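A.B. asks:
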Amino acid sequence: MKREMDQVGLLLCDIQGKIFEQSVTREECSSNIFIRRFMNSKFVSRMDNLTFINETMTIEEIFEELDIEYGKTNYGKIKFSINEMYWIGYIYRYLSYVYQIDSKNAYKIIKGTELRHLFFAYHSLDPMNAIDRILEAKSLVLDKDSDQLTKEGVKILRRIKRLKN
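Convert by adding 76 to the 1-based position in the sequence shown; the result is the number in this note's numbering.
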């Protein structure tokens with residue numbers, strides 16, 4: 077179920093964008109490793125369920141929490157630019173917030189490297205427009221209700237069955 081972006085969502089997008097942006101200078105690992113760790117972390121789960129809003133954490137504390145959860149690493153060498161990382165973090169949070177999916181699933185839909193390749197083409201678009209284009213290119217529809225998805229799934233299965241017979 078899709079929800080409208082509001083002030084809370086925009087604040088979360090900005091916070092996540094800043095975390096991603098600062099990871100370029102604070103973390104020794106590659107940007108891809110940071111993105112994967114962050115998008116699967118316990119911290120991001122609190123952003124997903126909005127309990128993070130009631131916390132008072134600094135960005136330093138967030139990075140410390142990630143280091144405690146995963147350990148420090150210098151694995152990987154490729155660092156994305158600060159602008160790319162901010163946009164990637166912002167887009168991931170926007171996608172998670174609007175479509176009410178957890179960050180792990182958002183990361184499964186599109187990896188950091190894919191978003192990086194789309195940065196120059198999409199960074200000047202409205203975030204929702206960029207997300208719609210990404211989902212359309214992947215032939216994904218996230219805002220349909222479960223009944224509609226079930227009906228479409230049944231139609232597809234019937235077509236497949238007819239092709240086999």
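For glycine and all other residues, C-beta sits at the position ideal for the given N, C-alpha and C.
If you're wondering where the values come from, they're calculated on a predicted model, not measured in any experiment.
Tell me whether Y151 sits in a helix, a strand or coil according to DSSP, three-state version.
C.D. replies: Three-state DSSP puts Y151 in coil, outside helix and strand.
A.B. asks: Counting along the chain, where does the alpha helix (DSSP H) carrying E104 start and finish?
C.D. replies: Neither: E104 is in no alpha helix (DSSP H) and is coded neither H nor E.
A.B. asks: Would you give the residue range spanned by the alpha helix (DSSP H) that D124 belongs to?
C.D. replies: K118 to D124 is the extent of the alpha helix (DSSP H) around D124.
A.B. asks: What do you get for G188, buried or exposed, if any count of 16 or more other CB atoms within 10 angstroms of its CB means buried?
C.D. replies: Burial call: buried.
A.B. asks: Using the beta-carbon count (16 or more within 10 Å), is R169 buried or exposed?
C.D. replies: R169 should be labelled buried.
A.B. asks: How many Å lie between S106 and N150 at the Cα?
C.D. replies: Using only the alpha carbons, I get a separation of about 7 Å.
A.B. asks: So the candidates are S200, N181, E80 and M123; which of them puts its Cα closest to the Cα of R112?
C.D. replies: Answer by Cα proximity: N181.
A.B. asks: Going by CA-CA distance only, name the one from T127, M123, C89 and I185 that's closest to K214.
C.D. replies: Selected option, being the one with the closest Cα: I185.
A.B. asks: Counting C-beta neighbours from all protein chains within 10 Å, is the total for T234 16 or more, i.e. buried, or is it exposed?
C.D. replies: The question names Thr, but residue 234 is Arg in the sequence shown. When all chains shown are included, R234 counts as exposed.
A.B. asks: Look up E80 in the DSSP assignment and say whether it is helix, strand or coil.
C.D. replies: Reduced to three states, the DSSP call for E80 is coil.
A.B. asks: By a C-beta neighbour count over all protein chains shown, 10 Å radius and 16 as the cutoff for buried, is D82 buried or exposed?
C.D. replies: Counting Cβ neighbours within 10 Å, D82 comes out exposed, since fewer than 16 surround it.
A.B. asks: Pick out whichever of E104, Y166, E97 and T226 has its Cα sitting closest to the Cα of S200.
C.D. replies: It is Y166 whose Cα lies nearest to the Cα of S200.
A.B. asks: Would you please state the rounded distance, in angstroms, between the beta carbons of S179 and M115? I believe it to be under 8 Å.
C.D. replies: Their Cβ separation, rounded to whole angstroms, is 5 Å, which keeps S179 and M115 in contact under 8 Å.
A.B. asks: What is the rounded straight-line gap between the Cα of R209 and the Cα of Y175?
C.D. replies: Each residue's alpha carbon lies about 15 Å from the other.
A.B. asks: Measuring alpha carbon to alpha carbon, tell me which residue in I154, F110, E212 and F96 is nearest I164.
C.D. replies: It is F96.
A.B. asks: DSSP three-state label for D202, please.
C.D. replies: Coil, per DSSP.
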